[in-house]
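Trainee:
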Amino acid sequence: TAREGLFFTTIVRDPFARFLTFARRTTVDKARPMRNGTDGTSPFWADLRGSSFRGIYQADNLNARWLAGVMQGDRVSPDNVNLAKCRLQLFDLVIADKLYDTAVREVMCPLNEWSDGLCSPTTPPKTHNSTKKDPLDETDRVLIGAWIERLRPSFEIYDYSRILSLKHLESHGVSDIPTQSDVPSYLQAMVKYTGLRIDPKHFKTMPRVNLQNEAHYEPPAAFCERMKKVWRGNKDEVVDAFGIGTIKTGF
Numbered sequence: 263t264a265r266e267g268l269f270f271t272t273i274v275r276d277p278f279a280r281f282l283t284f285a286r287r288t289t290v291d292k293a294r295p296m297r298n299g300t301d302g303t304s305p306f307w308a309d310l311r312g313s314s315f316r317g318i319y320q321a322d323n324l325n326a327r328w329l330a331g332v333m334q335g336d337r338v339s340p341d342n343v344n345l346a347k348c349r350l351q352l353f354d355l356v357i358a359d360k361l362y363d364t365a366v367r368e369v370m371c372p373l374n375e376w377s378d379g380l381c382s383p384t385t386p387p388k389t390h391n392s393t394k395k396d397p398l399d400e401t402d403r404v405l406i407g408a409w410i411e412r413l414r415p416s417f418e419i420y421d422y423s424r425i426l427s428l429k430h431l432e433s434h435g436v437s438d439i440p441t442q443s444d445v446p447s448y449l450q451a452m453v454k455y456t457g458l459r460i461d462p463k464h465f466k467t468m469p470r471v472n473l474q475n476e477a478h479y480e481p482p483a484a485f486c487e488r489m490k491k492v493w494r495g496n497k498d499e500v501v502d503a504f505g506i507g508t509i510k511t512g513f
């Protein structure tokens, strides 16, 4: 099968960080400020007007759409979210973005016998502190909150990937895992951009993201088994796709 002799890994990025990258490239770097979001030159308005400046809505729930195969414009359903999570279970190593350096150093380097860059024992761990301007600095908090809410499906998938990342690193014998925040990513974004104050009651419906709460975030086992049975019946073929990771003509 396609799995023989291969080690499958994927990197899952915070969905709002991905959205910010898009916004930064199309606003700050292009001298198109987001301003308060109601200005006629705002990307939100330009996209809806059908001008030549389009694409902000293409960043909508990209994690969910890519992993679940949901076409742009179609609704992302709870089943799509579960399907995306089932797909993540098929990877040998899921790397949540904030654990990238650890996963590369401790798993990918020895696995592939790499010795340069991050894999070199003389390369000190890096602290990633971005100095880039936040493109949403002047944007209305209500507008940002609405967009964060729109990305809820991808936040849910991302938080499950954070748990899988911890689980996979431990299964590969990694013991020195950097301490990670266990606050759900949706709440983190709301706190930063809308001034939300976290209350203990939040964690009753949205538990902390850690291995102890894996059962809350994982998809239904029976649902995944049905989907995996379907996937096992698919014909093996080299993927020719464009998207996250961009595979063009094979390996």
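Residue numbering for the sequence shown follows my numbering, starting at 263 and increasing by one per position.
Ideal Cβ positions, reconstructed from N, Cα and C, are used throughout, including at glycine.
Consult DSSP for Val274 and reduce its assignment to one of helix, strand or coil.
Mentor: Reduced to three states, the DSSP call for Val274 is strand.
Trainee: Enumerate in chain order the residues of its own chain whose CB-to-CB distance from Arg424 is below 6 Å, with the five nearest sequence positions on each side excluded.
Mentor: Around Arg424: Ala358, Val471.
Trainee: Return the bridge partner residues of Val213 from the DSSP annotation.
Mentor: Residue 213 falls outside the range modelled here, since the chain spans only 263 to 513, and no answer is possible.
Trainee: Output needed for Met452: all residues of its chain with C-beta closer than 7 Å, excluding positions within five of it in sequence on either side, in chain order.
Mentor: Answer for Met452: Gly407, Ile410, Leu458, listed in chain order.
Trainee: DSSP three-state label for Glu418, please.
Mentor: DSSP places Glu418 in helix when its eight states are reduced to three.
Trainee: When the Cα of Asp396 is compared with those of Val445, Phe278, Thr389, Ala346, which residue comes out closest?
Mentor: The residue with the shortest Cα to Cα distance from Asp396 is Phe278.
Trainee: According to DSSP, is Gly299 helix, strand or coil?
Mentor: Below a pLDDT of 50, predicted positions are generally treated as unreliable, and Gly299, at 49, falls in that range; no measurement from the model is reported.
Trainee: Among the candidates Leu345, Leu268, Asn323, whose CA atom is the shortest distance from the CA of Met489?
Mentor: Checked all of Leu345, Leu268, Asn323; the closest Cα to Met489 is Leu345.
Trainee: Would you check if the distance between the CB atom of Pro415 and the CB atom of Val338 is smaller than 7 Å?
Mentor: Cβ distance < 7 Å, so Pro415 and Val338 count as in contact.
Trainee: What would DSSP say about Gln442, mapped onto helix, strand or coil?
Mentor: Reduced to three states, the DSSP call for Gln442 is coil.
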